[in-house]
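Inspection log for the structure reproduced underneath, given as structure tokens.
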Ligand code: PGA
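Residue numbers (this note's numbering): 1391 to 1643.
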């Protein structure tokens, strides 16, 4: 962590929870936050976002959607627009999560259009990047992630680039229990920051929060968060239980 940058702890609930569980999880998290300087963001299943936003009233918690389409409205069955996300009062959107890329075939081009649309509607895009195991084994981790960053930020002004939050999630670490070591994660975070610096400048690179995601748990958060370029985490499985998520978001170094 580097206190100059915004610190963000996010929970991606994926396609889990019932409505009651989602509300109870929200209330439990809101009651247990002790580090108020950290931004806590919940990404519930879209159908529960409004209930979660209601449960967050009067708390510092922020809420986001796990996905979005880039058009304002239209004949796009099953999709949600940035206008709708604004309408219900959500602040963030996860874009390019590895499950969207690899199960639903989202391309860098599509993800880029979504990033642009989110910024145009004052929604903070949390752009997820990360290499597959075979890419890591072939020595292509950095080139893969670099391409995802370059395409994701294509054409964004420096001012708009500063509105993006990046989440580095090595695909081999997601839901597998195989967390990246703090050194592996830090090395990629530093590389991502250098990539942003090359695209823009040092001010932009130093201001963008870069979160780590992939099997983050209460017992490995301290090592990861101690790294200078890790500005928070995006948590899947461990964000579904009040106590384990609180143990992560309240970590002390
Ligand atoms: P995980 O998921 O923490 O369960 O590995 C992380 C993510 O997919 O964002």
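Where is the CB? At the ideal position from N, CA and C, for every residue including glycine.
By DSSP's criteria, residue i is part of a beta bridge. Which residues make up the other side?
i	result
residue 1398	1429 and 1622
residue 1452	1431
residue 1464	Answer is none; residue 1464 lacks a bridge partner.
residue 1602	1558 and 1623
Is it right to say residue i is buried, meaning 16 or more other beta carbons lie within 10 angstroms of its own, or is it exposed?
i	result
residue 1458	buried
residue 1450	exposed
residue 1618	exposed
residue 1576	buried
residue 1502	buried
residue 1492	exposed
residue 1405	exposed
residue 1593	exposed
residue 1543	buried
residue 1495	exposed
residue 1499	exposed
residue 1535	buried
residue 1401	buried
Taking DSSP as the reference, what is the three-state secondary structure of residue i?
i	result
residue 1369	Examination of residue 1369 is not possible in this model, given that the chain is present from 1391 through 1643 alone.
residue 1590	coil
residue 1437	helix
residue 1442	helix
residue 1482	strand
residue 1391	coil
residue 1576	helix
residue 1585	helix
residue 1615	helix
Considering only residues of the same chain and omitting the five flanking positions on each side of residue i, which have a CB-CB separation below 8 Å?
i	result
residue 1637	1608 and 1611
residue 1546	1505, 1506, 1509 and 1554
By Cβ distance, which residues of its chain are closer than 6 Å to residue i, with the 5 residues on each side in sequence left out?
i	result
residue 1532	1581
residue 1511	1472 and 1476
residue 1557	1516, 1518, 1601, 1603 and 1624
Within its chain, find whatever has a CB closer than 7 Å to the CB of residue i; leave out the 5 residues flanking it on each side and keep chain order.
i	result
residue 1613	1572
residue 1566	1605
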